[in-house]
Amino acid sequence: MTRYAIGDLQGCHAEFVELLERLAFDPRRDTLWVAGDLVNRGPGSLACLREVMALGDAAKVILGNHDLHLLAVARGGARLNRKDTLDDILAAADRERLLDWLQARALLVREAGQAPTVMTHAGLLPQWTLDKAAGLAAEVEACLASERSGAFLERMYGNAPACWHDDLEGIDRLRVIVNVLTRMRFIDADGCLDFAAKEGLDSAPAGFAPWFRYPRGDRVRLLFGHWAALEGRVPGSRVNAEALDTGCVWGGSLTALNLDSGERTHVQSHRLTTDS
Numbered sequence: 001m002t003r004y005a006i007g008d009l010q011g012c013h014a015e016f017v018e019l020l021e022r023l024a025f026d027p028r029r030d031t032l033w034v035a036g037d038l039v040n041r042g043p044g045s046l047a048c049l050r051e052v053m054a055l056g057d058a059a060k061v062i063l064g065n066h067d068l069h070l071l072a073v074a075r076g077g078a079r080l081n082r083k084d085t086l087d088d089i090l091a092a093a094d095r096e097r098l099l100d101w102l103q104a105r106a107l108l109v110r111e112a113g114q115a116p117t118v119m120t121h122a123g124l125l126p127q128w129t130l131d132k133a134a135g136l137a138a139e140v141e142a143c144l145a146s147e148r149s150g151a152f153l154e155r156m157y158g159n160a161p162a163c164w165h166d167d168l169e170g171i172d173r174l175r176v177i178v179n180v181l182t183r184m185r186f187i188d189a190d191g192c193l194d195f196a197a198k199e200g201l202d203s204a205p206a207g208f209a210p211w212f213r214y215p216r217g218d219r220v221r222l223l224f225g226h227w228a229a230l231e232g233r234v235p236g237s238r239v240n241a242e243a244l245d246t247g248c249v250w251g252g253s254l255t256a257l258n259l260d261s262g263e264r265t266h267v268q269s270h271r272l273t274t275d276s
C-alpha cells in the first residue's frame with residue numbers, strides 16, 4: 001500500500017487523471033490524501049468532483065476555501081464570482097448527491113503515530129495543539145451536518161474576527177476556525193491572520209510571517225495546500241510542513257507526494273498550451 005498526498009486540483013481534471021496514471025494508483029491498494037480545493041478556476045470542476053468521489057474510502061478528502069464557496073453558492077445564497085467555473089456542477093443532474101458528499105468532508109484529517117501526519121487545507125495555527133485543532137474542526141463539521149448548515153454557509157464569509165480567542169462563540173467562533181484551516185497564510189506572533197497578502201513570502205505585511213515559521217511544541221507532520229505561490233516549498237519553516245499546491249490551475253504543475261518515501265511526482269499543467 002502506498003500513501004500519496006496531492007494539492008489543489010481546482011478543476012484540473014485532465015492533469016489529475018494523468019497523475020494517477022503516472023503513479024499507477026490503485027484504489028484497492030493505495031490511499032490518496034487530497035488537500036481540498038477540488039473545484040473552481042479550472043475547466044473540469046465537475047469531473048474532478050466525480051473522480052475523487054468515485055475513489056471512495058481510498059481518498060481522504062478535506063474541504064478547501066473553494067469547496068466551501070461552492071457550498072455557500074449552492075446552499076447558502078452566495079453569489080458566483082466572475083472567475084468561478086462552477087456552473088457545470090450547479091447544473092449537473094447529480095448535483096445534490098455531489099454536494100451532499102462534499103458537505104460531509106472533514107476540515108482536518110490525521111493519522112496517528114509517534115509523529116502524527118495531519119492535513120488541513122491552509123495549515124495549522126501554532127497556538128493550537130493537534131487535539132484542539134481537531135476538536136475545533138469537528139465543531140464546523142458538526143454544523144455543516146446539521147439543520148443549521150444553510151444559515152452558517154450564508155454567514156461564513158468575513159475577515160473578522162482576525163484573531164482566535166477561546167471565548168469566541170457562535171458564528172464568530174466558526175468563522176475563525178474556517179479561516180484558519182482554509183484561508184491562512186500570514187500570521188503575527190499572537191496568531192492573528194492577515195487576509196490581504198496572497199502572493200509569495202516577500203509579500204508579508206510588517207509584523208507578519210508565514211504560519212509555518214512559528215514553532216510548535218509537538219512533532220506533527222503537517223500537509224497543506226492553498227498557497228500556490230510557494231511552489232511546493234516552505235523556506236525557513238520551523239515545523240515539519242509539506243506544501244502540496246504547486247499551482248496547476250495557474251500554469252504550474254499538479255504534484256503528488258509519496259508520504260512514505262518523500263518522492264514527489266509532477267504533471268505539468270495543460271493550460272500552458274491550451275490557454276496560450
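So the sequence shown is numbered by the UniProt record's numbering: it starts at 1 and just counts up by one. For glycine and all other residues, C-beta sits at the position ideal for the given N, C-alpha and C.
Where residue i falls: helix, strand or coil (DSSP)
i           : result
Gln103      : helix
Met119      : strand
residue 324 : Limits of the chain in this structure are 1 at one end and 276 at the other, which puts residue 324 out of reach.
Ser276      : Since pLDDT at Ser276 reaches only 34, below the 50 mark, its modelled position is unreliable, and the value read off the structure follows with that caveat. Ser276: coil per DSSP, three-state reduction.
Leu5        : Correcting the residue type first, residue 5 is Ala in the shown sequence and not Leu. Three-state DSSP puts Ala5 in a strand.
Val239      : coil
His66       : helix
Ala111      : One point to set straight first is that residue 111 is Glu, not Ala, in the sequence displayed. Strand at Glu111.
Asn258      : strand
Leu144      : helix
Ala133      : helix
Best match in the options for proximity to residue i [C-alpha to C-alpha]
i      : options                           : result
Thr129 : Ala24, Leu63 and Val220           : Val220
His66  : Cys192, Arg97, Ala78 and Gly252   : Ala78
Ala243 : Ala204, Arg233, Gly252 and Lys198 : Arg233
Leu46  : Gln10, Leu193 and Ala134          : Gln10
Ala162 : Lys132, Glu139 and Ala196         : Ala196
Leu174 : Leu144, Gly200, Leu70 and Phe186  : Leu144
Ser149 : Ala189, Leu254 and Arg75          : Arg75
Buried or exposed (CB count within 10 angstroms, at least 16 for buried), residue i
i      : result
Asp245 : buried
His165 : exposed
Met156 : buried
Thr274 : At Thr274 the pLDDT is 42, less than 50, meaning the model places this residue with poor confidence; the figure from the coordinates comes in the next sentence. Exposed, because fewer than 16 other Cβ atoms sit within 10 Å of the Cβ of Thr274.
Arg105 : buried
Ala35  : buried
Ser276 : Interpretation of Ser276 is limited by its pLDDT of 34, a score under 50 that renders its predicted location unreliable; the figure taken from the coordinates is listed afterwards. Exposed, because fewer than 16 other Cβ atoms sit within 10 Å of the Cβ of Ser276.
Gln103 : buried
Beta-bridge partners of residue i, as assigned by DSSP
i      : result
Arg253 : Note that residue 253 is Ser in the sequence shown here, rather than Arg. According to DSSP, Ser253 bridges with Gly247 and Gln268.
Phe208 : BP columns for Phe208 are empty, so no partner.
Trp128 : Trp128 is not bridged to any residue.
Trp33  : Ala5 and Lys60
Ile187 : Leu193 and Ala209
Arg221 : Thr117 and Asn240
### Task
Answer yes if the region 171-189 comes into contact with the region 113-132, meaning at least three C-beta pairs across the two stretches below 8 Å, and no otherwise.
Contact between the region 113-132 and the region 171-189 is present, with at least three C-beta pairs closer than 8 Å.
### Task
May I ask you to verify whether the region 167-174 touches the region 89-104, counting CB pairs closer than 8 Å and requiring at least 3?
With the cut-off at 8 Å, the region 167-174 and the region 89-104 do not touch.
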